[in-house]
Amino acid sequence: MTTGHDRNQVRTVPESSCGLPPGPDFADLAVRVEELGYTRMRDLDSAPLWEDPFVHLTPAARRTTRIGLATAVLVPDERSEMATASSIATIAHLAPGRFRACLGTGFTARRALGQAPMRLDAFAAYITTVGRLLAGETVVQDGRSTRMLHTAGLTAARPLDVPVRVSVLGPRDAALAGDLADGIIGRPHPARPRVTSSDSERRRS
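Per this note's numbering, the very first residue in the sequence shown carries number -11; after that it's consecutive.
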């Protein structure tokens, strides 16, 4: 189904994906999920609850060949914009064309710390900065100009075009996604809630 959204056309693309918390068995499970024919393996992110997602995405990227990999979802204020951009570029280097960066305001992770989810204006600024860093641009952080300085062979080369999705729980999130992201992570497919998540992919007109 295709609907209009300002300059963009949105089409809903169901995919069979499996989301698991990062832990010692994550890479083994990624291999098994690939063997079962899933489209994508999603690595959850919540520092108060689980291990680091990028640590476990690295062996998963090395041990699989076909399955797409994704975060679901990264919580911005758990790591700096530069750290996130570097991590994204690292996994994109290990699994070319297979990685998708998905981010959210951190409802679960922040509640576990006794905090409210991240404000949408701060969330938007974070996504914008990460995107600019991946594009090879210079940004201002803490009052200083900075950019990714990785030499050839370290991380994927910039400019780096990694699909970015945001978690959408309401109309304000959806409006933000339309402006800043390539698509959204919506609610599970009603007929197959344990297997299929519904991604709305944006096609620029």
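Beta carbons: idealized from backbone N, C-alpha and C, even for Gly.
Using a Cβ distance threshold of 8 Å, Phe14 and Asp33 do not count as a contacting pair.
For Gly141, the closest alpha carbon among the candidates Thr53, Arg28, Ile79 is that of Ile79. When beta bridges are read from the DSSP output, Val128 appears opposite Ser133. Note that the C-beta distance between Thr143 and Arg135 is not below 8 Å. Below 8 Å, enough C-beta pairs join the stretch 89 to 103 and the stretch 55 to 73 to call them touching: three or more. Taking every protein chain shown into account, the CB of Gly119 has 16 or more other CB atoms within 10 angstroms, so this residue is buried. Residue state for Ala83 is assigned as coil, using DSSP reduced to three classes. Pairing Gly166 with Ala112, the inter-Cα distance amounts to about 11 Å.
Leaving aside the five residues that flank Arg54 on each side, the residues in its chain whose CB is nearer than 7 Å to its CB run, in chain order, Glu22.
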